[in-house]
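Chemist:
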Amino acid sequence: GVAWRYPEKAPTPDYDEDDINLTWRNIAIALAPPILLIVSVLGSILGGIATPTEAAAVGAIGTLLLAGAKLASLQSHAQSRYVVRIIWAGAVALVALIILTTNTDPRLDMLTPATIAAIICTGVLLLAILVAIITTFRDDVLRPAMRTTMHTTSMVFMILIGAALFSLVFRGLGGDDTIEALLHNLPGGVWGAIAITMLIMFLLGFFLDFIEITFVIVPLVAPILLTMGVDPVWLGVMMAVNLQTSFLTPPFGFALFYLRGVTPPSVPTSAIYRGAIPFVIIQLLMLVLLAFIPELATWLPEQIFGD
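Structure (structure tokens):
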């Protein structure tokens, strides 16, 4: 809207037509694989086909195959085309395995065409994974990714352990009873409890990451609010939008610091803050709409999973 109303504030970037030659075919080839991967992972969870852990494994394998195919396609040696074909064959085998396991019973003690097909697909998939691992290791892509994943996972587990210890001590000292009494005695009843909870989470979002808030604050207040008759899906969406708004709000928003890290030095921080204000207003309006129209958050889950 701003770019349409004030074109001078969003000028067209200068591109050399010789350097960029995008067609619909190029765009489709670039976007189709990751979109299909996202849809398959989320769709398998929402459709009840796979658990979140199984879907995450499918996503990790699919990402590894995509990275291997992309790196191999950029190489110039003669074997690169065969590497790409093997990896894409593994991707097709992965899809076939998902279809077979959801529609048939391919157990080893039942020698059926489905079982034979599952064994063949498993072999092709394992070969493709091995080729993709070798390709990504050789190009020094997988090792840094694994190192970063290890650091992030260790950080999350340390936070989880600390949050569990904090919750244990807090409950042992009767802290949860104090919070429950406080929320129940607030003026306004349920709405007063929700309002003070959202305000506290909004302020904490200035200084804490969402992981700390999710592991420490949510387990303390969510059970109390649920016993007061609050819909869990609606409450979760409200908390998510609230935290997202907090991360955008100047001057402490985490998202603004991330944006500051990737913008050129010529862009002042004050310009980033001013640019974030319209989006903060939109988020606040969305939060108000969610508060007064819970169906915005609950309608789709009810249609998918039922009441």
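Taking my numbering, the leading residue of the sequence shown gets 1408, the next gets one more, and so forth.
Using N, Cα and C, we set each Cβ at its ideal position, and we do this for glycine too.
Roughly how many whole angstroms lie between the Cα atoms of R1412 and W1598?
Modeler: What you label residue 1412 is simply residue 5 of the sequence shown in a count that begins at 1. What you label residue 1598 is simply residue 191 of the sequence shown in a count that begins at 1. Cα to Cα, R1412 sits roughly 39 Å from W1598.
Chemist: Put D1426 into one of helix, strand or coil per three-state DSSP.
Modeler: Here residue 1426 corresponds to residue number 19 of the sequence shown, with the count starting at 1. Confidence is the limiting factor: at D1426 the pLDDT is only 49, short of 50, which leaves the residue's position unreliable and the question unanswerable from this model.
Chemist: Hey, S1487 and A1496 are a contact pair by Cβ (cut 8 Å); roughly how many whole angstroms apart?
Modeler: Along the sequence shown, one-based indexing puts residue 1487 at 80. Along the sequence shown, one-based indexing puts residue 1496 at 89. The beta-carbon distance between S1487 and A1496, rounded to whole angstroms, is 15 Å. This is too long to meet the 8 Å contact definition.
Chemist: Is DSSP giving A1457 helix, strand or coil here?
Modeler: The residue labelled residue 1457 in the question sits at position 50 within the sequence shown. Residue state, collapsed to three classes: coil.
Chemist: Go ahead and pull the three-state DSSP assignment for T1519.
Modeler: On the sequence shown, residue 1519 is found 112 positions in, with the first residue counted as 1. Correct three-state label for T1519: coil.
Chemist: Ordered along the chain, which non-local residues of its own chain (more than five positions away) have a Cβ less than 6 Å from that of D1426?
Modeler: Here residue 1426 refers to the residue found at position 19 when the sequence shown is read from its first residue. Note on D1426: pLDDT 49, under 50, position unreliable in the model; the coordinate value appears next. So the list is empty, once near-sequence residues are dropped.
Chemist: Would you call G1483 buried or exposed, if buried means 16 or more other Cβ atoms sit within 10 Å of its Cβ?
Modeler: In the sequence shown, the residue the question calls residue 1483 occupies position 76. The sequence given here places Ser at residue 1483; Gly does not occur at that position. Exposed, by the Cβ-count rule.
Chemist: Would the beta-carbon of L1697 fall within 9 Å of that of V1644?
Modeler: Here residue 1697 corresponds to residue number 290 of the sequence shown, with the count starting at 1. Here residue 1644 corresponds to residue number 237 of the sequence shown, with the count starting at 1. Closer than 9 Å, so yes.
Chemist: For I1540, name the three-state secondary structure that DSSP assigns.
Modeler: Translated into positions along the sequence shown, residue 1540 becomes position 133. Correct three-state label for I1540: helix.
Chemist: Taking the straight line between their C-alpha atoms, what separation do you get for A1524 and G1582?
Modeler: Residue numbering aside, residue 1524 sits at position 117 when the sequence shown is read from its first letter. Residue numbering aside, residue 1582 sits at position 175 when the sequence shown is read from its first letter. Cα-Cα distance, rounded: 57 Å.
Chemist: Given a cut-off of 9 Å on the beta-carbon distance, is the pair F1617 and L1655 in contact?
Modeler: Walking along the sequence shown from the start, residue 1617 turns up at place 210. Walking along the sequence shown from the start, residue 1655 turns up at place 248. Judged by beta-carbon spacing, L1655 lies beyond the 9 Å limit of F1617, meaning their Cβ atoms are not closer than that value.
Chemist: Have a look at G1596 and F1712 and give me their C-alpha separation to the nearest angstrom.
Modeler: Against the sequence shown, residue 1596 aligns to sequence position 189. Against the sequence shown, residue 1712 aligns to sequence position 305. Roughly 30 Å between the two C-alpha positions.
Chemist: In angstroms with no decimal places, state the Cα-to-Cα distance between L1471 and L1504.
Modeler: Position 64 of the sequence shown, counted from the first residue, corresponds to residue 1471. Position 97 of the sequence shown, counted from the first residue, corresponds to residue 1504. The straight-line gap from Cα to Cα measures roughly 17 Å.
Chemist: What are the uninterrupted segments assigned as beta strand (DSSP E) that are 3 or more residues long and contained completely in the region 1629–1677, given in chain order?
Modeler: none
Chemist: Counting only runs that start and end within the region 1582–1619, where is the alpha helix (DSSP H) found for 4 or more residues in a row?
Modeler: 1582–1591 and 1597–1611
Chemist: Of the choices P1672, I1445 and M1646, whose alpha-carbon is the least far from that of A1704?
Modeler: For the purposes of this step, residue 1704 is identified with residue 297 of the sequence shown, where counting begins at 1. Cα-wise, what sits closest to A1704 is M1646.
Chemist: Enumerate in chain order the residues of its own chain whose CB-to-CB distance from L1567 is below 7 Å, with the five nearest sequence positions on each side excluded.
Modeler: Position 160 of the sequence shown, counting from 1, holds the residue named residue 1567. So the list reads F1622, once near-sequence residues are dropped.
Chemist: Using the C-alpha atoms, what's the distance from F1544 back to A1535?
Modeler: Translated into positions along the sequence shown, residue 1535 becomes position 128. Translated into positions along the sequence shown, residue 1544 becomes position 137. Going from the Cα of A1535 to the Cα of F1544 covers about 14 Å.
Chemist: Would you kindly work out how many angstroms separate the C-alpha atoms of Q1710 and A1462, rounded to a whole number?
Modeler: Counted from its first residue, the sequence shown places residue 1710 at position 303. Counted from its first residue, the sequence shown places residue 1462 at position 55. Distance between Q1710 and A1462, taken at the CA atoms: about 22 Å.
Chemist: DSSP on L1580, reduced to helix/strand/coil?
Modeler: Looking up residue 1580 in the sequence shown gives position 173. Reduced to three states, the DSSP call for L1580 is coil.
Chemist: Taking the CB atoms as reference points, tell me whether V1538 and G1475 lie closer together than 9 Å.
Modeler: Mapped onto the sequence shown, residue 1538 falls at position 131. Mapped onto the sequence shown, residue 1475 falls at position 68. Yes, these two residues count as a Cβ contact at 9 Å.
Chemist: Any idea what DSSP makes of I1700, helix, strand or coil?
Modeler: Counting from one through the sequence shown, the residue named residue 1700 turns up at place 293. Here I1700 sits in coil by DSSP.
Chemist: With distance defined between alpha-carbon atoms, name the residue in L1615, I1494 and M1635 nearest to T1529.
Modeler: Within the sequence shown, residue 1529 is the residue found at index 122, counting from 1. Selected option, being the one with the closest Cα: I1494.
Chemist: What does a CB cutoff of less than 7 Å around I1631 pick up in its chain, not counting 5 residues either side in sequence?
Modeler: As a position in the sequence shown, residue 1631 is number 224, starting the count at 1. Once the five neighbours on either side are set aside, the close Cβ partners of I1631 are I1586, E1587 and L1590.
Chemist: Within its chain, find whatever has a CB closer than 6 Å to the CB of A1457; leave out the 5 residues flanking it on each side and keep chain order.
Modeler: On the sequence shown, residue 1457 is found 50 positions in, with the first residue counted as 1. Cβ within range, chain order: S1451.
Chemist: DSSP state of P1418, grouped into three classes?
Modeler: The residue you call residue 1418 lines up with position 11 of the sequence shown. Three-state DSSP puts P1418 in coil, outside helix and strand.
Chemist: If you draw a straight line from the C-alpha of I1603 to the C-alpha of N1592, how long is it?
Modeler: Numbered from 1 along the sequence shown, position 196 holds the residue referred to as residue 1603. Numbered from 1 along the sequence shown, position 185 holds the residue referred to as residue 1592. Rounded to whole angstroms, I1603 to N1592 spans 12 Å at the Cα level.
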